[in-house]
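There are 2 protein chains.
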Amino acid sequence: MSNSKLYKGSLNTIILKLLNEHDKMYGYEITQKVKALTKGELKITEGALYPALHKLEAEGLLDVEVAKVDNRLRKYYKLTETGTKETVNKLEELAEYIKTMQALVNPKLV
Amino acid sequence: MSNSKLYKGSLNTIILKLLNEHDKMYGYEITQKVKALTKGELKITEGALYPALHKLEAEGLLDVEVAKVDNRLRKYYKLTETGTKETVNKLEELAEYIKTMQALVNPKLV
DNA sequence: AATATATACATAATTTTCTTATGTATAAGA
DNA sequence: TCTTATACATAAGAAAATTATGTATATATT
């Protein structure tokens, strides 16, 4: 994912937020979108992404729809209602995380 | 550590930064300091903290000094020179992480 | 005096999340 | 023809945490 270990635990937040923005996306598209948005800083590996998508689907946060484009398989994922609610939670947690870490590394400013 | 998984991977950064601020600290003191600075948001568990301290020491980032206070053992940790350099790296990584995540969750602002 | 809580360390089993490696298959470009 | 891009998947292993224990002393409460 990156040389930094801080991204551990962030993958679900990233997936959910992207699906919240783009309605429906397929796995490979997510990897490319993340690469583009972060200017190459962050690369989502397939070994991390696909199991994560399967798990989110199993938990009922994502719905999947299979399509065939140019004779190739695509699995489009979209948020369920529960998934949309969970996205809000994840984003709140991210904001809280950033606030907390800033309190720790920059105690004078907080 | 917290209900949020985002803290996974942040523990070393937190330890190094606190030691950078406070010169020398012992394990239990670190747990209390984190609790206080984050107003209870973040609780470092012993099962995470002590192995992390041992590893940082084994990697040469921390020096340890044992003391007896009130007939109880304390292990004071302090940054080595390498540890101080690594603290700078970790803080840069944290800043980069926050920047990257903001690009992902708030693409319009970036 | 007895009991609970706080201080202070430690580790072992398990879980979660990721990396690395590998596999299949089609399309497009050099 | 061969490499790169597209598109999925999983398995083995590593890393970092959780949860559960364990030891021991000091202090506060009942």
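Chains as they are written, first to last, in the UniProt record's numbering: chain A, 1 to 110; chain B, 1 to 110.
By construction, the Cβ of each residue, glycine as well, lies at the ideal position given by its N, Cα and C atoms.
Quick caveat: nothing in here was measured; it's all calculated off a predicted structure.
For K68 (chain A), write down the residues that DSSP places opposite it in a beta bridge. A:L73
Does K24 (chain A) come out as helix, strand or coil in the three-state DSSP assignment? strand
Contact between the stretch 10–20 of chain B and the stretch 78–87 of chain B: three or more CB pairs below 8 angstroms? yes
For G27 (chain A), which option in A:E21, A:Y50 and A:K39 has the closest C-alpha, if you only look at C-alpha atoms? A:Y50
Would you decide whether K68 (chain B) is buried or exposed? Buried here means 16 or more other CB atoms lie within 10 Å of its CB. exposed
Assess contact between the stretch 60–79 of chain B and the stretch 37–47 of chain B, defined as three or more Cβ pairs (one per stretch) separated by less than 8 angstroms. Is contact present? no
K55 (chain A) classed as buried or exposed, judged by whether at least 16 other C-beta atoms fall within 10 angstroms: exposed
Contact set between I98 (chain B) and chain A, taken where Cβ atoms lie within less than 8 angstroms: I98 and M101
Using a Cβ-Cβ distance cut-off of 8 angstroms, determine whether K24 (chain B) contacts chain A. no
Distance, Cα to Cα, L79 (chain B) vs I30 (chain A)? 40 angstroms
Check whether the Cβ atoms of G47 (chain B) and K5 (chain A) lie closer than 8 angstroms to each other. no
Give me the chain A residues within the contact set of K8 (chain B), using Cβ-Cβ distance strictly less than 7 angstroms, ordered along the chain. K8 and G9
Measuring alpha carbon to alpha carbon, tell me which residue in B:E57, B:T45, B:M1 and B:L42 is nearest T82 (chain B). B:E57
So, helix, strand or coil for L6 (chain A), using DSSP? helix
Verify the CB distance criterion: does P51 (chain B) have a CB-CB separation below 8 angstroms to chain A? no
8 angstroms Cβ cutoff, T82 (chain B) in contact with chain A: no
Show which residues of chain A have a CB atom less than 7 angstroms away from the CB atom of L62 (chain B). Going along chain A, no residue has its Cβ under 7 angstroms from L62 (chain B), so there is no contact; the nearest lies around 17 angstroms.
For N12 (chain A) and K90 (chain A), believed in contact at Cβ under 8 angstroms, the rounded distance: 7 angstroms
For chain A, find out if any of its Cβ atoms is closer than 8 angstroms to the Cβ of I14 (chain B); answer yes or no. yes
Checking 8 angstroms against the spacing of the C-beta atoms, do L94 (chain A) and M101 (chain B) come in under that value? yes
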